[in-house]
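Those sequence lines, one after another, are chains S and F.
Residue numbering for the first sequence follows the numbering used here, beginning at 1023 and increasing consecutively.
Residue numbering for the second sequence follows the numbering used here, beginning at 87 and increasing consecutively.
Even glycine gets a Cβ: it sits at the ideal position worked out from N, Cα and C.
Treat the numbers as computed from the prediction; the structure is a model and nothing was measured.
Here's the structure, in structure tokens; my notes come after.
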Amino acid sequence: MIPDEVQCREVVNVLTDYLDGALPAEQRAALEQHLLTCEGCTNYVDQMRTSIGLTGRLQEEDVPQAVMDKVLQMFQDRLPS
Amino acid sequence: MSGTEDGSGSRVPGWIPVPRTPGDEAPADDGLARLRRGDQAAFAELVRRLHPTMVRVAGGYVSSRAVAEEVAQDTWVAVIEQLDRFEGRSSLKTWIFRILTNQAKTRGVRERRTTPFSSLVTDREAEPAFPPDTFFDESHRWSGHWAQPVPAWELPEDHLLSDELGHVIQRAVDTLPPAQRLVVALRDGQDLSAGEVCAMLELSEANQRVLLHRGRAKVRAAVSEYVERLGAKV
Chain S
1023 MIPDEVQCRE VVNVLTDYLD GALPAEQRAA LEQHLLTCEG CTNYVDQMRT
1073 SIGLTGRLQE EDVPQAVMDK VLQMFQDRLP S
Chain F
87 MSGTEDGSGS RVPGWIPVPR TPGDEAPADD GLARLRRGDQ AAFAELVRRL
137 HPTMVRVAGG YVSSRAVAEE VAQDTWVAVI EQLDRFEGRS SLKTWIFRIL
187 TNQAKTRGVR ERRTTPFSSL VTDREAEPAF PPDTFFDESH RWSGHWAQPV
237 PAWELPEDHL LSDELGHVIQ RAVDTLPPAQ RLVVALRDGQ DLSAGEVCAM
287 LELSEANQRV LLHRGRAKVR AAVSEYVERL GAKV
């Protein structure tokens, strides 16, 4: 990826690696250079970060009370309190 | 269940040891000591955090949500039984998900369902992450750049935390093709590392990345649609 020649499609394609910190330094620099001048990609990267953060909130879904009661009972029965 | 720490009885085929890095150590306060003391509140908190994703992940290997729920509950039984044997070589969460995937695979075999992860990769997994007109084509001077504007999301904080948006994300993840759903649920839903997920699902790094990329793009698109609808309402 050469800074002046970076296409938005390429940014999107390597974004998972970029967010994982797995992009080689040169490509990372080229991508960040592109972000300085491309509003669409900047918004896309921000949106992806927000979306990932929101997906992390899935773990806050409710567990059905009957299930919770059952596993808590198992926990209580099998471990010394 | 006996044998290895992950409850598989033997090391699963294709299991790749996750490289240890300083940040990869089991956190000091993993809640483990409290669990071993029989602290119910700590256990309830763990169940609240992990159970929904466990059902979602098990669902990729078995025939119905009801069976996936059973697999998740069986996993809790195994966790309770083996808690004292857990050596802390991975985080507690990673250990629990390893037990879950092993149980789900075993259950899938019993149901005569094909279980290797590769069998979950359906044609839908290969669907492009974007409509073809998202970027200018090669005939255009701006080939490869956005053909459609990507406006910033104007989401007030209270909308970000709303149940409605939570349901949008939940639906988006649950309707992903199975392999993408598992990877997104574990990577983004539970914040597991790429190495942990690859080891657990017996996936190559490259395949994991493609599945995550496509799954994330679809979840983002669902949020984007929600934001647009919200904008239209105001």
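Asked, Found
"Nearest-angstrom Cα distance between S/D1091 and S/C1063?", "47 angstroms"
"Please report the distance separating the alpha-carbon of F/S248 from that of F/G230.", "35 angstroms"
"Of the residues that make up the segment 1050–1069 of chain S, which ones have a beta carbon closer than 9 angstroms to any beta carbon in chain F?", "C1060, E1061, G1062, C1063, T1064, N1065, Y1066, D1068, Q1069"
"Cβ closer than 8 angstroms: which chain S residues qualify as neighbours of F/E167?", "R1100"
"Touching or not, the segment 252–259 of chain F and the segment 228–244 of chain F, by the rule of three or more beta carbon pairs under 8 angstroms?", "no"
"Do F/V143 and F/L272 have their CB atoms nearer than 8 angstroms?", "yes"
"Less than 8 angstroms between CB atoms is the rule here; does F/T139 satisfy it with respect to chain S?", "yes"
"Taking F/F221 as the query, report the chain S residues whose CB atoms sit under 7 angstroms from its CB, ordered along the chain.", "C1030, R1031"
"Considering only their Cβ atoms, is the gap separating F/A258 from F/V305 smaller than 8 angstroms?", "yes"
"Using a C-beta to C-beta distance shorter than 8 angstroms, which residues of chain F count as neighbours of S/L1045?", "In chain order: nothing, as chain F lies at least about 11 angstroms away."
"I want to know whether the segment 176–192 of chain F touches the segment 282–292 of chain F - three or more CB-CB distances under 8 angstroms.", "yes"
"If we define contact as Cβ-Cβ less than 8 angstroms, is F/R306 a contact residue for chain S?", "yes"
"Can you look up F/W239 in the DSSP assignment and give me helix, strand or coil?", "coil"
"Confirm, please, whether the CB-CB distance from F/T161 to F/L186 is below 8 angstroms.", "yes"
"By a C-beta neighbour count over all protein chains shown, 10 Å radius and 16 as the cutoff for buried, is F/T139 buried or exposed?", "buried"
"Apply the 10 Å Cβ neighbour rule to F/N188 and answer buried if 16 or more other Cβ atoms are within range, or exposed otherwise.", "buried"
"For S/H1056, report the span of its alpha helix (DSSP H) as first-last.", "1047–1059"
"If you draw a straight line from the C-alpha of F/V148 to the C-alpha of S/T1059, how long is it?", "47 angstroms"
"For F/W232, which beta-bridge partners are listed by DSSP?", "F/F221"
"For S/R1039, return the contacting residues in chain F, with the cut-off set at a CB-CB distance below 7 angstroms.", "According to the sequence displayed, residue 1039 of chain S carries Asp and not Arg. What S/D1039 touches in chain F: R295."
"List the residues of chain S whose Cβ lies closer than 7 angstroms to the Cβ of F/W232, in chain order.", "C1030, G1062"
"Between which two residues does the alpha helix (DSSP H) holding F/E250 run?", "249–260"
"Does any residue of chain S bring its CB to less than 8 angstroms from the CB of F/V309?", "yes"
"How many whole angstroms separate the CB atoms of F/R302 and S/M1070, which I take to be in contact at a CB cut-off of 8 angstroms?", "6 angstroms"
"What residues in its chain sit with their C-beta under 6 angstroms from that of S/L1076, if we drop five residues either side in the sequence?", "none"
"Going by Cα to Cα distance, which pick from S/T1038, S/A1051, S/D1084 is closest to S/D1068?", "S/T1038"
"Considering F/P264, what are the terminal residues of the alpha helix (DSSP H) in which it resides?", "264–270"
"Taking buried to mean at least 16 other C-beta atoms within 10 Å of its own C-beta, is F/T192 buried or exposed?", "buried"
"Just the chain S side, please: which residues come within less than 8 angstroms of F/W239 by C-beta, in chain order?", "N1065, D1068, Q1069, T1072"
"Taking the alpha carbon of F/A307 as the reference point, which residue from F/P217, F/A280, F/A292, F/E167 has its own alpha carbon closest?", "F/P217"
"Hey, does S/D1042 have any beta-carbon neighbour from chain F nearer than 8 angstroms?", "yes"
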